[in-house]
Amino acid sequence: QSLGAAAFDAKSLSIYPVPAKDYLTVAHAFPIGSIRIYNQLGQEVYARNGIGNQADVDTSNLARGVYILHIYNAREESTYKIIKE
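Under the working numbering, the letters of the sequence shown match residues 114 to 198, in that order.
What follows is the structure, given as structure tokens:
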């Protein structure tokens with residue numbers, strides 16, 4: 114679920130599986146500059162830069178709950194709510 118004005122074209126962005134268990138895949142038609150995941154307290158719990166078109170994010174160490182996913186590239190930024198089971 115997008116939280117705000119999604120700058121990334123929804124047709125070219127995939128985030129799956131939702132809810133996530135041990136991993137989350139983020140794929141886009143254009144290179145992703147960075148991914149950040151924050152917990153409900155606003156603390157960064159995952160960060161990765163220089164990704165390319167697809168990232169497999171290890172979520173196995175995250176507790177169950179709701180997280181905020183920020184995706185950035187050179188021109189765009191989007192924020193999504195993700196659920197970890």
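Note that CB positions come from ideal geometry on N, CA and C, so glycine has one too.
What separation, rounded to the nearest whole angstrom, lies between the Cα atoms of residue i and residue j?
i: residue 171; j: residue 191; result: 20 Å
i: residue 178; j: residue 194; result: 10 Å
i: residue 131; j: residue 158; result: 18 Å
i: residue 160; j: residue 145; result: 12 Å
i: residue 197; j: residue 182; result: 12 Å
i: residue 149; j: residue 184; result: 7 Å
i: residue 268; j: residue 147; result: No information on residue 268 is available, as it lies outside the stretch 114 to 198 that the chain covers here.
What is the DSSP secondary structure of residue i, reduced to helix, strand or coil?
i: residue 173; result: coil
Buried or exposed for residue i, going by 16 or more other Cβ atoms inside 10 Å?
i: residue 136; result: exposed
i: residue 133; result: buried
Which stretch, first to last residue, makes up the beta strand (DSSP E) that contains residue i?
i: residue 139; result: 136-151
i: residue 179; result: 178-185
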